[in-house]
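K.L.:
The structure is given below, and queries will be raised subsequently.
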Amino acid sequence: MAHDLPVELSDAVAVLGAFPVLAGANLTVQRGEIVLLRGPNGAGKTTLLRLCAGLIELERGRGRVLGHDLSTDRWAVRHRVGLLGHANGLYPDLTVTENVAFWGRTVGASDAEIAAALKRMALDGRLAEVQVSRLSAGQRRRTALAALVARRAELWLLDEPHAGLDAAGRDELDEVLRQAARAGATIMVASHELERAGTLATRQVEVVAGQVRDLGATS
Amino acid sequence: MSETRRAFASVRATARLIAVKDLRIERRGRVLTNQVLPFALIVMVMFAFALDSDAVLERVAPGLVWLATLFSTLFVIARSFAVESSDGALDQLRTSGAPSAGIFLGKALALMVQLLVLVVVLVAAAVVLYRADISWQGGVLLVTTALAATCGLAAVGTLYGGLSAGAKGRETLLPLLVLPVVAPVLIGATRATESAFGTNGIAVGEGWPWLGLLVVFAVLFSVTGAIAFGSLLDE
Amino acid sequence: MTTTSERNVTGTSFTRGLGIVTLLGIVLLVVLGLFVSPADVNQGESVRIMYAHVPGAWLAYLAFVVTGISSAAYLWKRTRSLTWDRIAGASAEVGVLFMGISLVTGSLWGRITWGTYWTWDARLTTTAFLFVTYVGYLAVRGLGGSHHQRARRSAVLALLAVLEIPLVHFSVRLWNTLHQEASVAGRGTDVTMDGLMLFSLFLGVIVFTLMYVWLVLHRQRALALQDMVEDSGLDAALAARRAEAVV
Chain W
8 MAHDLPVELS DAVAVLGAFP VLAGANLTVQ RGEIVLLRGP NGAGKTTLLR LCAGLIELER
68 GRGRVLGHDL STDRWAVRHR VGLLGHANGL YPDLTVTENV AFWGRTVGAS DAEIAAALKR
128 MALDGRLAEV QVSRLSAGQR RRTALAALVA RRAELWLLDE PHAGLDAAGR DELDEVLRQA
188 ARAGATIMVA SHELERAGTL ATRQVEVVAG QVRDLGATS
Chain X
2 MSETRRAFAS VRATARLIAV KDLRIERRGR VLTNQVLPFA LIVMVMFAFA LDSDAVLERV
62 APGLVWLATL FSTLFVIARS FAVESSDGAL DQLRTSGAPS AGIFLGKALA LMVQLLVLVV
122 VLVAAAVVLY RADISWQGGV LLVTTALAAT CGLAAVGTLY GGLSAGAKGR ETLLPLLVLP
182 VVAPVLIGAT RATESAFGTN GIAVGEGWPW LGLLVVFAVL FSVTGAIAFG SLLDE
Chain H
460 MTTTSERNVT GTSFTRGLGI VTLLGIVLLV VLGLFVSPAD VNQGESVRIM YAHVPGAWLA
520 YLAFVVTGIS SAAYLWKRTR SLTWDRIAGA SAEVGVLFMG ISLVTGSLWG RITWGTYWTW
580 DARLTTTAFL FVTYVGYLAV RGLGGSHHQR ARRSAVLALL AVLEIPLVHF SVRLWNTLHQ
640 EASVAGRGTD VTMDGLMLFS LFLGVIVFTL MYVWLVLHRQ RALALQDMVE DSGLDAALAA
700 RRAEAVV
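Chains as they are written, first to last, in our numbering: chain W, 8 to 226; chain X, 2 to 236; chain H, 460 to 706.
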């Protein structure tokens, strides 16, 4: 439905084993926003992202993502989000193009869209036919992001996406994200890169000890 | 296109996409050819050392071929899913929009192709090492048996492989879960192969009922696997 | 009526009554089976193992069926409830116990009567496979995760076992028709059943079934309490976690 908020969490609790990583998180995200999740390690940023991706169970509280109730319907959420965690989700033995093409085709992306995604992340040159195992960490990150672009998700959940990228790469990533947001995607970025707060994010929240504190819109 | 037709097309497209991906990774990484096949051949040689009698070996050759195949299958399954969990591709598959039945069929198909290669090599090894003998009629039976048996093994393997993928301390569960389930395949494939080889004077004709068992097994687990894989793939 | 959780014990007046009846039944079975019923014409006293083996085997399969049905009940949306999952788990645990009893007594019986600890007849082999499959099932139940994750995973596994076991039984039986030695393993059928023996056997089946029900009821409630402990631990952990933020 058009007026469904991308993310609505109310007192959300998510556990890892017996430990409540998220201990009552409240968060609302509007469409087209780029929300920066700040906070110390262990605060629950990664778990929050995975919860919104529908990958882990909502133990207590209420949560709706893209109109789906997380308690009853989280499988439907998964296919509409793009998650980029600490790992890249790539196949080391395949080339950059093969990886991006594979992930793009899982949602039926055309060759043109895949080529565009590669171009966007500056991977259409000499790196295109290189096996991922031979790339540097930053180049792998870019490949993972290209795969994400090719998948046209409605909600992007990025965990430390800037890690491993050089300054140019980070600016390029920010531009990709801004473009995606303009095209209608909603983006949540967990990051320690606080300079990004001003230039990239439209809003910031702080995640501390499993709870979320809204820091308001960025000026 | 109606909903179901579209769903089927999507499953088929996903299966093809994933099977091609898996086989391409195998072609690049060469784990099957460089690691699993040598292992299987060594197992065949070890059997000869353990059994120490040409007459016995010739008689049990079919059984040894399928035993070696079973043990090697465990490695191939583990590898198939290690590829997914090494860089977090498993999470991407879960959020990819690809139907889980398609993922299952794709991985099972790739697994089946690799197992077929394995069986072909092992049968050749049996002919060489254990002096087994195949007639032409036996050849047809052998080929169809190999197809049905590897299909069943691939279905079961992908299903339980998905369950044991990812988290640590789970990979060791794979043999315990898989081996009891594939016992009918071992029985059926061995008996059919015996007929094909003409071991113990068993006629080729006696092998066909066993082939029937293998086909039923393969169909049952392929269908069930496609349905159940989604729940097992979940964390 | 107070629930299990409110009393923190797993016994109710029903299980207490059931327990007493079962105990009496066991005593009666022991008396009849071990002392009063006649020895077999062919096998002598060793036939008495039958009173433990046959009910044990029956229960192994009953437990298997119950686990299968409860797993299906859990998976079906309209009846989804963790109680079904706990019944499935409890039944599997008790079932594994009886499968073990059945295999051991069967093996001993075979040794005494025919000189071999093991034959490859379909029933015995299938029971052995059932045993191993359920050991695997219990191992998977112990993998951790939330209650529902555990439940869903195990339920699917149990239904796969329902598919697998008949296949195993069928293939072993087909396999055995090739081997003439299998006809020697007509155990149980070799015994000409005197009226009292039949009655004792029947009693054995009933008593073992009562024992099964009693064990599963208790175990299922114990599992419920265990889950509750985990959940309540969560409350304390939540409070502690929230306190971290205030600092």
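Even glycine gets a Cβ: it sits at the ideal position worked out from N, Cα and C. Treat the numbers as computed from the prediction; the structure is a model and nothing was measured.
Chain X beta carbons: is any one of them nearer than 9 Å to that of His86 (chain W)?
P.N.:
Judged by the 9 Å Cβ criterion, His86 (chain W) is in contact with chain X.
K.L.:
Would you decide whether Gly202 (chain X) is buried or exposed? Buried here means 16 or more other CB atoms lie within 10 Å of its CB.
P.N.:
Exposed.
K.L.:
Could you give the residue range of the beta strand (DSSP E) that holds Phe26 (chain W)?
P.N.:
Its beta strand (DSSP E) spans residues Phe26 to Val36.
K.L.:
For Ala154 (chain W), tell me which candidate among W:Asp178, W:Ala123, W:Glu179 and W:Arg141 has the shortest Cα-Cα distance.
P.N.:
The shortest C-alpha separation from Ala154 (chain W) is found at W:Ala123.
K.L.:
So, helix, strand or coil for Gln36 (chain X), using DSSP?
P.N.:
Three-state DSSP puts Gln36 (chain X) in a helix.
K.L.:
Is the region 92-107 of chain X touching the region 178-190 of chain X, taking contact as three or more C-beta pairs under 8 Å?
P.N.:
No, because fewer than three Cβ pairs between the region 92-107 of chain X and the region 178-190 of chain X fall closer than 8 Å, the two stretches do not touch.
K.L.:
For chain W, find out if any of its Cβ atoms is closer than 9 Å to the Cβ of Gly645 (chain H); answer yes or no.
P.N.:
At Gly645 (chain H) the pLDDT is 47, less than 50, meaning the model places this residue with poor confidence and gives no usable figure here.
K.L.:
Looking at the structure shown, is Gln502 (chain H) part of a helix, part of a strand, or coil, going by DSSP?
P.N.:
Coil.
K.L.:
Please confirm if Phe222 (chain X) has its CB atom under 9 Å from at least one CB of chain H.
P.N.:
Taking Cβ atoms only, chain H reaches closer than 9 Å to Phe222 (chain X), which makes this a yes.
K.L.:
Quick check: the region 542-551 of chain H against the region 564-576 of chain H, are there 3 or more CB pairs under 8 Å?
P.N.:
Cβ pair count under 8 Å is below three, so no.
K.L.:
Count the C-beta pairs between the region 164-173 of chain W and the region 194-203 of chain W that are closer than 8 Å, then say yes if the count reaches three, no if not.
P.N.:
At 8 Å Cβ cutoff, the stretches touch.
K.L.:
Under the rule that 16 or more other beta-carbon atoms within 10 Å means buried, what is Gly103 (chain X), buried or exposed?
P.N.:
When all chains shown are included, Gly103 (chain X) counts as buried.
K.L.:
Alpha carbons only, please: which of H:Thr474, H:Arg545 and H:Thr469 is nearest the one belonging to Val672 (chain H)?
P.N.:
With distances taken between Cα atoms, Val672 (chain H) lies closest to H:Thr474.
K.L.:
Where does His512 (chain H) sit, in a helix, a strand or coil, going by DSSP?
P.N.:
Correct three-state label for His512 (chain H): helix.
K.L.:
Could you spell out the range, first to last residue, of the beta strand (DSSP E) harbouring Ile194 (chain W)?
P.N.:
Thr193 to Ala197 is the span of the beta strand (DSSP E), which, as asked, contains Ile194 (chain W).
K.L.:
Compute the minimum distance between the beta carbon of Glu85 (chain X) and the heavy atoms of the ligand COA, and state whether it is under 8 Å.
P.N.:
The ligand COA is not part of the structure shown, which contains no ligands of any sort.
K.L.:
Taking a cut of 9 Å between CB atoms, which residues from the region 13-29 of chain W lie near chain C?
P.N.:
The chain inventory of the structure shown lacks chain C, comprising the protein chains W, X and H.
K.L.:
Can you find at least 3 beta carbon pairs, one from the region 64-71 of chain W and one from the region 131-140 of chain W, that sit closer than 8 Å?
P.N.:
The region 64-71 of chain W vs the region 131-140 of chain W: no contact.
K.L.:
So Thr114 (chain W) contacts chain X; which residues on that side make the cut at Cβ distance below 9 Å?
P.N.:
Just to set this straight, residue 114 (chain W) is Val in the shown sequence, not Thr. Here the neighbours are Ser97, Gly98 and Ala99.
K.L.:
Whose Cβ in chain W lies nearer than 8 Å to the Cβ of His607 (chain H)?
P.N.:
Here the neighbours are Glu64.
K.L.:
Grab the span of the alpha helix (DSSP H) containing Ser196 (chain X) for me, first residue to last.
P.N.:
Here the alpha helix (DSSP H) through Ser196 (chain X) covers Ala184 to Phe198.
K.L.:
For a contact defined as C-beta to C-beta under 8 Å, what are the partners of Gln218 (chain W) on chain H?
P.N.:
Here the neighbours are Arg701 and Ala704.
K.L.:
Could you tell me which uninterrupted alpha helix (DSSP H) segments, each at least 4 residues in length, are contained entirely in the region 582-667 of chain H, listed from first to last along the chain?
P.N.:
Counting only runs of 4 or more, we get 606-635.
K.L.:
Kindly indicate the opening and closing residues of the alpha helix (DSSP H) around Gly139 (chain X).
P.N.:
Here the alpha helix (DSSP H) through Gly139 (chain X) covers Trp137 to Ser165.
K.L.:
Pick from X:Gly208, X:Val129 and X:Thr200: whose alpha carbon is nearest that of Leu142 (chain X)?
P.N.:
Ranking the options by Cα distance to Leu142 (chain X), first place goes to X:Gly208.
K.L.:
Who are the Cβ neighbours of Ala598 (chain H) in its own chain at under 6 Å, not counting the five residues just before and after it?
P.N.:
Result list for Ala598 (chain H): empty, nothing under 6 Å.
K.L.:
In three-state terms, what does DSSP make of Arg31 (chain X)?
P.N.:
Arg31 (chain X) falls in the coil class under three-state DSSP.
K.L.:
Given a cut-off of 9 Å on the beta-carbon distance, is the pair Met187 (chain X) and Leu123 (chain X) in contact?
P.N.:
The amino acid at residue 187 (chain X) is misidentified as Met; the sequence shows Leu. No, they are not a contact pair.
K.L.:
Among W:Ser143, W:Arg85, W:Gln211 and W:Arg147, which one has its Cα closest to the Cα of Gly231 (chain X)?
P.N.:
Answer by Cα proximity: W:Arg85.
K.L.:
Please report how far the alpha carbon of Leu1 (chain X) lies from the alpha carbon of Leu215 (chain X), in whole angstroms.
P.N.:
No answer is possible for residue 1 (chain X): it lies beyond the span of chain X, which begins at 2 and ends at 236.
K.L.:
Are the beta-carbon atoms of Leu221 (chain X) and Leu626 (chain H) separated by less than 9 Å?
P.N.:
Cβ distance < 9 Å, so Leu221 (chain X) and Leu626 (chain H) count as in contact.
K.L.:
For a cutoff of 9 Å on Cβ pairs, would you count Leu214 (chain X) as touching chain H?
P.N.:
Leu214 (chain X) counts as touching chain H.
K.L.:
List the residues of chain X that Arg611 (chain H) touches, going by C-beta distances under 9 Å, in chain order.
P.N.:
Near Arg611 (chain H) (Cβ distances below 9 Å), the residues of chain X are Ser232, Leu233 and Asp235.
K.L.:
Taking contact to mean at least 3 C-beta pairs separated by less than 8 Å, is the region 553-561 of chain H in contact with the region 509-527 of chain H?
P.N.:
With the cut-off at 8 Å, the region 553-561 of chain H and the region 509-527 of chain H touch.
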